[in-house]
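In this note's numbering, the protein residues as written are 1 to 78. In what follows, a single structure is set out as structure tokens and then discussed.
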């Protein structure tokens, strides 16, 4: 690990798979508490479980969805 993100929190959108999942995994490996946000909640939960993170559903095209997802992530991560 090149640096520590202990005590930091991260919300990664589009993180159920692909590049987003890789970013979430790296942040978690560096010590950050991670919440995965994605439209596909089933895949988001699977990825979150794999990295000991949280998952929320979010559609970044909709302001209301972003606001709700962010509030849920904040509640999950404290």
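Glycine included, each C-beta is placed from N, C-alpha and C at the ideal position.
Just to confirm the assignment, what range does the alpha helix (DSSP H) spanning residue i have?
i          : result
residue 60 : Counting along the chain, residue 60 falls outside any alpha helix (DSSP H), and DSSP gives it neither H nor E.
residue 8  : First-last for residue 8: undefined, no H or E at that position.
How about residue i and residue j: are their beta carbons less than 9 Å apart?
i          : j          : result
residue 34 : residue 24 : yes
residue 38 : residue 55 : yes
residue 12 : residue 18 : no
residue 79 : residue 6  : Residue 79 cannot be examined here, being either before or after the span of the chain that is shown, 1 to 78.
Using a 10 Å radius around the Cβ and a threshold of 16 neighbouring Cβ atoms, would you call residue i buried or exposed?
i          : result
residue 28 : buried
residue 71 : exposed
Can you tell me where the beta strand (DSSP E) with residue i in it begins and where it stops?
i          : result
residue 37 : 33–38
Requested in this report: Decide yes or no for the touch test of the stretch 43–50 against the stretch 61–69: beta carbon pairs closer than 8 Å, at least 3 of them.
Outcome: no
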